[in-house]
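In my numbering, the protein residues as written are 3 to 326.
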Ligand SMILES: Nc1ncnc2c1ncn2[C@@H]1O[C@H](COP(=O)(O)OP(=O)(O)OP(=O)(O)O)[C@@H](O)[C@H]1O
């Protein structure tokens, strides 16, 4: 039994199909990132997992409990921590009073160590709290009853870099002790540092679920070529060339620079380029942003063939926007 099990989850708002047949599992003891552009359907899934929305079709189980069954949902929530995107605490209460209320509902096994770590100003009223302080208090409230699973919506927004790092270290250590973490994020460096696997959702549909490492492998390499002469377009008509940009860097002696993402066999590329005089050639790991943008734009999901664009750009129509 996985910690979270979604099967055919569908939420139809009438005009918008916010979740369409979403199926995936989050395993015990993993950190799972749920990513997608604005309006993709992330919050809809999260609110369904918390029993705040009823699915139109499909099922959602949290820690083995059906979220549409009230008794089972209560059972699941005892072992669950949830940090919403903007925690809504009573504005007139102090931080200490907020935590006392949470303790009376869920229990308190860990607030002391969490307060040492995140240190929100407990004696101030929430209305005086900054965004970052609300987030710090929210983290203490989320973890204080020592949950088995946490669902976090943009957990580090508002935290300064030091606290973000402290949060990352804390979450990784908890994962190593068996905690399951499901979080949504737009911060790709955080996703890269923290997640074991990611699920990417677009227009309500899940487009991939896979380990971060395999996403990075597929993201290919960024190739920069600097040639003394223009390279004919046929030479760069190779499987795996994406988003080719050319830049004539000045007079004839300055040559032309070519930049593209390459997901093919580097040996094939080098073979093609053997007959051209290159001033410079560099091959670097592609930034994670690039592969996410391909999913967000639908290229990966639709299996778009980029060779048309390679033709167009290599023919001299650089257009300015590579769309990748
Ligand atoms: N109560 C509602 N009634 C109608 N449409 C809704 C409702 N709630 C959400 N939607 C629509 O469902 C889609 C998915 O919204 P959702 O909030 O789940 O996306 P999201 O991925 O969390 O976005 P963001 O990153 O911007 O928070 C959007 O098109 C949104 O406008």
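Glycine is no exception: its CB is placed at the ideal position from the N, C-alpha and C atoms.
Cβ-based burial, residue 21 [other Cβ within 10 Å; buried from 16]: Here residue 21 corresponds to residue number 19 of the chain shown, with the count starting at 1. Burial call: buried.
What residues does ligand 1 have around it, judged by CB closer than 6 Å to any heavy atom, in chain order? The answer, residue by residue, is 15, 18, 20, 38, 40, 41, 42, 43, 44, 45, 46.
Any chance the stretch 31 to 44 sits against the stretch 177 to 188, with 3 or more Cβ pairs inside 8 Å? Touching, yes, given that three or more Cβ pairs across the two stretches are closer than 8 Å.
Going by the CB atoms, is the gap between residue 270 and residue 258 shorter than 8 Å? Translated into the one-based positions of the chain shown, residue 258 becomes position 256. Translated into the one-based positions of the chain shown, residue 270 becomes position 268. Cβ atoms of residue 258 and residue 270: not closer than 8 Å.
Every unbroken beta strand (DSSP E) inside the stretch 64 to 88 [3 residues or more]: For the stretch 64 to 88, whole beta strand (DSSP E) runs of length 3 or above, ordered along the chain, are 82 to 85.
Looking at C-alpha atoms only, which residue of 237, 136, 104 is the closest neighbour of residue 161? The residue labelled residue 161 in the question sits at position 159 within the chain shown. Ranked by Cα distance from residue 161, the options 237, 136, 104 are led by 136.
Residue of 25, 89, 14, 37 minimising C-alpha distance to residue 56: Against the chain shown, residue 56 aligns to sequence position 54. In this structure, 14 is the residue among 25, 89, 14, 37 with its C-alpha nearest to the C-alpha of residue 56.
As a quick exercise: from 278, 202, 284, pick the residue whose alpha carbon is nearest that of residue 232. One-based indexing of the chain shown puts residue 232 at position 230. Comparing alpha carbon positions, the residue from 278, 202, 284 closest to residue 232 is 278.
Confirm, please, whether the CB-CB distance from residue 38 to residue 153 is below 8 Å. Within the chain shown, the letter at position 151 stands for residue 153. Within the chain shown, the letter at position 36 stands for residue 38. Cβ distance not < 8 Å, so residue 153 and residue 38 don't count as in contact.
Would you call the stretch 94 to 113 and the stretch 121 to 129 in contact, with 3 or more CB pairs under 8 Å? The stretch 94 to 113, when compared against the stretch 121 to 129, does touch it at the 8 Å Cβ threshold.
Helix, strand or coil: how does DSSP classify residue 173 here? Within the chain shown, numbered from 1, the residue matching residue 173 stands at position 171. In the three-state scheme derived from DSSP, where H, G and I count as helix and E and B as strand, residue 173 is classed as helix.
Local conformation of residue 289 per DSSP, three classes: The residue labelled residue 289 in the question sits at position 287 within the chain shown. Coil, per DSSP.
Name the DSSP beta bridge partners of residue 277, please? Translated into positions along the chain shown, residue 277 becomes position 275. None, per the DSSP bridge assignment.
Among residues of its own chain, excluding the 5 on either side of residue 148, which ones have a beta-carbon nearer than 6 Å to its beta-carbon? The sequence position of residue 148 within the chain shown is 146, counting from 1. Non-local beta-carbon contacts of residue 148 in its own chain, meaning distances under 6 Å to residues more than five positions away in sequence, involve 111, 112 in chain order.
What does a CB cutoff of less than 6 Å around residue 17 pick up in its chain, not counting 5 residues either side in sequence? For the purposes of this step, residue 17 is taken as residue 15 along the chain shown, with counting starting at 1. Close CB contacts of residue 17 within its chain, under the 6 Å cut and outside five residues either way in sequence, are absent.
Can you tell me the Cα-Cα spacing of residue 294 and residue 25, whole angstroms? Looking up residue 294 in the chain shown gives position 292. Looking up residue 25 in the chain shown gives position 23. CA-CA distance, residue 294 to residue 25, rounds to 20 Å.
If you pair each beta-carbon of the stretch 279 to 289 with each one of the stretch 225 to 240, do three or more pairs fall below 8 Å? Judged by Cβ distances under 8 Å, the stretch 279 to 289 makes contact with the stretch 225 to 240, as three or more pairs qualify.
Could you pull out every residue in the same chain whose Cβ sits closer than 7 Å to the Cβ of residue 59, ignoring the five residues on either side in sequence? As a first step, residue 59 is located in the chain shown; it is residue number 57 there, counting from the start. Beyond the five residues adjoining it in sequence on each side, residue 59 comes within less than 7 Å, by CB distance, of 10, 12 in the same chain, given in chain order.
If we count the other Cβ atoms within 10 Å of its Cβ and call it buried at 16 or more, is residue 164 buried or exposed? Start at 1 with the first residue of the chain shown, and residue 164 comes out as number 162. Taking all protein chains in view, the Cβ of residue 164 is surrounded by fewer than 16 other Cβ atoms within 10 Å, so the residue is classified as exposed.
Hey, quick one: how far does the alpha helix (DSSP H) through residue 142 stretch, first residue to last? Here residue 142 refers to the residue found at position 140 when the chain shown is read from its first residue. Start and end: 133 to 145.
Pick from 84, 115, 155: whose alpha carbon is nearest that of residue 104? The residue you call residue 104 lines up with position 102 of the chain shown. Taking residue 104 as reference, the option from 84, 115, 155 with the minimal CA-CA separation is 84.
Where does residue 214 fall in DSSP's three states? Here residue 214 is taken as the residue at index 212 of the chain shown, counted from 1. Three-state result, residue 214: helix.
Please state whether DSSP places residue 233 in a helix, a strand or coil. As a working note, residue 233 is residue 231 in the chain shown. The DSSP-derived three-state label of residue 233 is coil.
Can you tell which of 195, 211, 181, 191 has the C-alpha that lies nearest to the C-alpha of residue 151? Here residue 151 corresponds to residue number 149 of the chain shown, with the count starting at 1. When only C-alpha atoms are compared, the closest one is 181.
If I follow the unbroken beta strand (DSSP E) through residue 22, where does it start and stop? For the purposes of this step, residue 22 is taken as residue 20 along the chain shown, with counting starting at 1. From DSSP, the beta strand (DSSP E) with residue 22 extends over 19 to 28.
For residue 91, does the three-state DSSP call read helix, strand or coil? The sequence position of residue 91 within the chain shown is 89, counting from 1. Residue 91 falls in the coil class under three-state DSSP.
Quick test of your reading: residue 169 and residue 139, contact by CB under 8 Å. State the CB separation rounded to the nearest angstrom. As a position in the chain shown, residue 169 is number 167, starting the count at 1. As a position in the chain shown, residue 139 is number 137, starting the count at 1. With 8 Å as the limit, residue 169 and residue 139 do not qualify as a contact, their Cβ atoms being about 13 Å apart.
Please report the straight-line C-alpha distance between residue 196 and residue 188, rounded to a whole angstrom. Here residue 196 refers to the residue found at position 194 when the chain shown is read from its first residue. Here residue 188 refers to the residue found at position 186 when the chain shown is read from its first residue. Across the structure, residue 196 and residue 188 are spaced so that their CA atoms are roughly 13 Å apart.
Whose CA, out of 77, 157, 36, 52, lies closest to the CA of residue 206? On the chain shown, position 204 is the one that residue 206 refers to. Closest option to residue 206, Cα to Cα, is 36.
7 Å CB neighbourhood of residue 280 in its chain, flanking five on each side removed: Walking along the chain shown from the start, residue 280 turns up at place 278. Result list for residue 280: 227, 228, 229, in chain order.
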